[in-house]
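Have a look at the structure below before the remarks.
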Ligand code: SER
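In our numbering, the protein residues as written are 156 to 1034.
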């Protein structure tokens, strides 16, 4: 039997033996392609090779590419788990020819691999081709000996990546499970049955498609093929559902074990949803995506929550998903080491999200109950509500429909669709048409023409260089003069281009007869350093010899900040745990901003320990070591790599400090940034703030060196000023503040007591006694200096004196009025405290009052009208 893991290797080896360069799977988040949400086919990372925008590393390549399809052109999330063929995550086996072999080579390779290496019976195979593709038909006859009856011509045999990108006609290979299985051949009315399954798609790439619908010929005809690993595994393992293949059976077994529920009946679907979504969410997290409310993070969240609702349906009492990560790592960690590295991050992200979702699940149920209460039996639940439940609380429409059906209600489906469509449009707008795509194309073209910029800034701050290209307003320009801001490419530069969370360098540029300011440096097309220059004097044109000089101080601080960030990252993992991973960073000439995954605010003690570790490594004052290595070797050697980052053939590995509790380095990370020579150059490290930026993501801001010293000095100055103010040593300031605070609370309480005494008639001031109004005993008073809070105990006190009647008090404090009304004894039958209080409040220009029929309170903005309020209250009593 061919397990998924064996099949994957068999495929790679077959093509490797036939001169294909093995290319590891790219991260799921497309690099350099803002038009696409996730890599959804094996060819996506090679898009620029097909279009000619970049030169491929070899004419032939083979890969097993991680793919996510979760909504959009190629997949509908709602099917996943319920059919045997839809997956949100799958692996695509693919061989590629970048202008090397074309149709014949593609068909020969595919046929030989499946019939010889995999041993599929040729009699069970048939193919589809595009209607006019006589070449393909002839090749299938020649190479595979297929009769015309098994070569079906279909209009739909055309493949494109999306609305834009490379495309062409294709041929698909189908496997026939045999006539004991229901279903018809491709193109027949019952083609959706399980009998004939598509196993391999060979695309004959010919054109590039543009957003306006036009097409351009590709520089050369090319081949892109894709075979779903899970699908071919079903054929070889003699099953019909992807979920019956070895890997899925193992994952479902783990899910059964963790929930104690067998995968039978309806529960089977829930388990299938859970294991499919476990794969997609874990891989997305390993590639750096975090759940959020927009873009990629939102898609991730929706997939996660769909699985989590199914965990809930299975009756899982505890969050489930994070308990399944070990099984996934066992199954796939060998082929995808990033999964193993990110395991703690994956588990922690899943756990937090599931805990959070369990809270909204409850809230969703309350919202549903409230909404159905308003609708009433036989009514229709508004589509907006159903959509809100779906979208915000993760309730699929059918769940909501089931729930309301039981109450004799239905859902306004049209309204739901309208809301859904609006949301889909928004989601699409959020990640297409960013306009970056076009500009990126320009830079790739320049990169092909000029090659990479020679970056010499690791050890030089000033060089002579040649200006190669000037850009203005997105296009090349022949020259520029004083007052203009332009983008410039030089053959070499000491200016670091913003990347990896290190800000771009600033500095000076000078040439014969002119000068300018480099206000920023950006990186484009991977390794072009684009200098943004404000020309101050003279005229600048390509070919000019220039002197480029960095702002040295700014760079020095930037170096210290960047190195300190590596130490901070290591310290966070030591102190908080290995689930901490970098989520984002920005270091510049001023400060460090570092975002990382962690569920709760840091305690003061944790912050102390982190600072202490970093400063201890700074004081070791060991030289920083950089080495160039192959990425695999670096990761093997323990270098921390960023999740979802694509690395070149050679990476820089930076080692800082010695471990504090033993041998080995303190921090080893892949990094192309600029760094200190020795850790002591950082001088000092101080965290100045810690906050939350998104669910499960914290942010630390910190300073190093001189800015850190100044910050500490400012803090010290504040305590010195306090000490002077209190005329006490700094060490006693806190005690003094605490004592003052206690004293203030005591005095406030005494003051309130005194006011109450006074109001109650104590202290000798004559007070009006109870009077009779409309046949009831009323004690009505305006009380100066008594706020709303203090009126209640006074009213309680008066209730002891007025057993059957009304107590009506209007207090005035800080310019505002407060009303308290209590009704006691038989008077309760005739009077409502809330109504009486309201009469007073309205008379004083306020809004209203609240409380019980026998006790109510209210407030009004204008204390000067207290007497008016009381008079209105009395009038109300008199009726
Ligand atoms: N790009 C094609 C597909 O995704 C073949 O790899 O099916």
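By construction, the Cβ of each residue, glycine as well, lies at the ideal position given by its N, Cα and C atoms.
- Applying a distance threshold of 6 Å between residue Cβ atoms and the heavy atoms of ligand 1 selects 196, 197, 198, 249, 314, 356, 358, 379, 380, 381, given in chain order.
- Buried is the label assigned to residue 398, since at least 16 other Cβ atoms lie within 10 Å of its Cβ.
- Between residue 296 and residue 281, the CB-CB gap reaches or exceeds 8 Å.
- When beta bridges are read from the DSSP output, residue 252 appears opposite 215, 378.
- The beta carbons of residue 521 and residue 244 sit no closer together than 8 Å.
- Taking 8 Å as the cut-off, the beta carbon of residue 779 is found no closer than this to the beta carbon of residue 717.
- In the three-state reduction of the DSSP assignment, residue 631 falls in the strand class, which pools E and B.
- Under DSSP, residue 684 takes part in a beta bridge, and its partners are 678.
- Taken in chain order, the whole alpha helix (DSSP H) runs of length 4 or more contained in the segment 776–864 are 786–791.
- Burial check for residue 619: the Cβ neighbour count within 10 Å stays below 16, so the residue is exposed.
- With a 10 Å radius around the Cβ and a threshold of 16 neighbouring Cβ atoms, residue 365 comes out exposed.
- In terms of Cα proximity to residue 343, the closest of 318, 287, 283 is 283.
- Of 1008, 207, 1017, 963, the smallest CA-CA separation from residue 969 is found for 1017.
- In the three-state scheme derived from DSSP, where H, G and I count as helix and E and B as strand, residue 669 is classed as strand.
- Straight-line measurement puts the Cα of residue 846 at about 27 Å from the Cα of residue 811.
- Under DSSP, residue 1013 forms a beta bridge with 974, 1004.
- Taking all protein chains shown into account, residue 674 has fewer than 16 neighbouring C-beta atoms within 10 Å of its C-beta and is therefore exposed.
- In this chain, the alpha helix (DSSP H) harbouring residue 290 covers 289–294.
- Apart from sequence neighbours up to five positions away, the residues of its chain that approach residue 655 with a beta-carbon distance below 7 Å are 826, 827, 828, ordered along the chain.
- Cβ-Cβ separation between residue 749 and residue 735: approximately 10 Å, too far for a contact (criterion under 8 Å).
- The DSSP-derived three-state label of residue 740 is strand.
- Closest by C-alpha distance to residue 759, out of 842, 433, 529, 912, is 842.
- Put simply, of 948, 336, 358 the residue whose alpha carbon is nearest the alpha carbon of residue 312 is 358.
- Taken atom to atom, the span from the alpha-carbon of residue 484 to that of residue 508 is near 20 Å.
- As the crow flies, the alpha-carbon of residue 1030 is around 41 Å from that of residue 525.
- Residue 482 places its beta carbon less than 8 Å from that of residue 406.
- For the pair residue 1028 and residue 994, the CB atoms are nearer than the 8 Å cut-off.
- Beta-bridge partners of residue 177 (DSSP): 217.
- If you look at residue 463, you'll find it in the alpha helix (DSSP H) that goes 450–468.
- Around residue 512, the same chain offers 460, 463, 549 as residues with beta carbons nearer than 7 Å, after the five sequence neighbours per side are excluded.
- In the displayed model, residue 662 falls within a strand according to three-state DSSP.
- A Cβ-Cβ distance of about 6 Å is found for the pair residue 569 and residue 538, placing them in contact under the 8 Å criterion.
- Across the set 1033, 769, 218, 454, the C-alpha of 454 shows the shortest separation from the C-alpha of residue 225.
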